Every structure is written in C-alpha cells, then in structure tokens.
Amino acid sequence: MQRHHKQSWPRLLDSSKETACHFCDTLFEVELIKEGEEAVCQTCGQKLYRNRPQSLQHAISFALTGILLFSLLLFFPFMRLDAQGIIIEMPVVQAVKHMFDTGGWFIALSVALFAILLPLFQLVVILYICVPLFYGKTLPYVVQITRTLQTLQPWIMIEVFFLATVVSLIKLVKLADVELLCGFWSLIAIMICIAGAFAAIDRLELWDRIEVALQKRNES
Ligand SMILES: [Zn+2]
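Residues 343 to 562, numbered by our numbering, are exactly what the sequence shown covers, in order.
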C-alpha cells in the first residue's frame, strides 16, 4: 500500500486532484500541506483549502455535543405562549403536533424539517462518516452518504432555519405573547455545533481520508 506519511493527512500516492479558486476560477493541483497551514490562490490570493489541526476529533466532538443537546431540544419546552392568560409551554415535538392539529401544516412541516429532522440527520451522518475514519475505516455507502451530506449542506444553512422560525414566530405573535425557552436555545446551540463540525474538516481532506480508508478495506 502506497501512502504519504510525511504530511499530516493520509492520501493515496497515485491520486491527483484539482481544485478551482472560488473567486477567480483558476485551477490548481491539490498539494498536501502540513497541519495548520493553508493553500492560497496564486492569482488572487484567496484561500483555497486548509489543513485544519485535529480535524476529525473536532468534527466528532461538535457532532456528539449536538446529539446531547438534542435531548434538551426534545424534552424541554421550546417556547411559552401567553394567549389572554392561557399559558402554553411545550417541547418542539408537541408544538409541531399542535400546529399540525390547528391547521398550520406548512409551519408544522417547516419546523419539523428544519428544527428536528435535518439537524439530526446531519449530526448522525457526520458521526457515521468521521468516527470510523478516525480509526482509518469506513462504513458501507460512505461515498454516497458523504455526497448527499455535501449536496444538502448549502440548503440547510442556519439562515434557512432562522427564516422558518421568524415566519412561525410572526404568525404566533399575532395571537399571543411569545417567550423563547430552553428548547429553542438548545436548537441554536445545535446549529452552532453543526456549523462547527462542517468547519472542522476541509472537503478535500475528507475525500482523501475516505479514499485511503476505502483502499485499505479493498486490500484487506
Ligand atoms: Zn483566485
């Protein structure tokens, strides 16, 4: 098995990859760089990619923290509604059900998708990819799953969720006083964890690590 050992992230020796500068579209061959270093575009000086220190450990820690925070999100009240003296406090799952029952199916669906399903999916998938990679291994369908995660990533950004929350809040505020509680703040923390996990590892490094682990699996 031929692998680089000098540099910090593992890569197949015969692999050659190109990356384009996001700003000026110049193509560059991806050169391995040491941990903590970054490659910059020789034409415009913008950052191309970076070898982040302890990338897998950081991605795993962020994802695990996110999963733990999910228990707060699911079991603690999301918000308090005060509608003419009637006070309602409910966890997010119950709130989704309530919205669905009272005819707000579009908001119910958006909240379920952006506040529960997509964040949970991302956290679980990050762990599914990164934990085995930490030991130089991969689980089945890792290539397809990583592609799905990276395709979904731009569509499930924090802003999308905020938009959904703001829309639902505006709808609610008309009817009642709204106070945000533990469940809501844990969701914000979950979003920060997801952003942190994505930011912990460079896309190029992730694919190189997957390729090396796949080859190791094929050889054994
Ligand atoms: Zn450039």
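Even for Gly, the Cβ is constructed at its ideal location relative to N, Cα and C.
Small disclaimer: the values here were computed from a predicted structure and weren't measured.
Neighbourhood of residue i by C-beta distance below 6 Å, restricted to the same chain and skipping five residues each side
i: leucine 411; result: Ser528, Ala531 and Ile532
i: phenylalanine 476; result: Leu398
i: histidine 364; result: none
Buried versus exposed, by CB contacts within 10 Å (16 or more), residue i
i: isoleucine 429; result: exposed
i: proline 482; result: exposed
i: arginine 392; result: buried
i: alanine 362; result: exposed
i: threonine 444; result: exposed
i: leucine 546; result: buried
i: serine 413; result: exposed
Distance cut-off 7 Å: residue i Cβ against heavy atoms of ligand 1
i: threonine 361; result: no
i: threonine 385; result: yes
i: cysteine 472; result: no
i: threonine 490; result: no
i: threonine 368; result: yes
i: glutamine 388; result: yes
i: phenylalanine 476; result: no
7 Å Cβ shell around residue i - same chain, five flanking residues per side excluded
i: phenylalanine 565; result: A question about residue 565 goes unanswered here, because the residues of the chain that appear run from 343 up to 562.
i: aspartate 424; result: Ala518 and Asp519
i: arginine 563; result: Limits of the chain in this structure are 343 at one end and 562 at the other, which puts residue 563 out of reach.
Residue i, DSSP secondary structure in three states
i: isoleucine 543; result: coil
i: tyrosine 391; result: strand
i: lysine 348; result: Any reading at lysine 348 needs caution, since the residue's pLDDT is 45, under 50, leaving its predicted position unreliable; the model's value is listed next. If DSSP states are grouped into helix, strand and coil, lysine 348 belongs with coil.
i: threonine 361; result: strand
i: arginine 489; result: helix
i: valine 554; result: helix
i: methionine 343; result: Note that methionine 343 has pLDDT 38, beneath the 50 cutoff, so the model's placement of it is unreliable and the number below is only indicative. Note: methionine 343 maps to coil in three-state DSSP.
i: glutamate 373; result: coil
i: glutamate 561; result: helix
CB contact below 8 Å: residue i versus chain C
i: alanine 454; result: Looking for chain C here will not work: only one protein chain is present.
Same chain only: Cβ atoms within 8 Å of residue i, ignoring 5 sequence neighbours per side
i: tryptophan 447; result: Met441
i: phenylalanine 418; result: Pro433, Leu523, Cys524, Gly525 and Ser528
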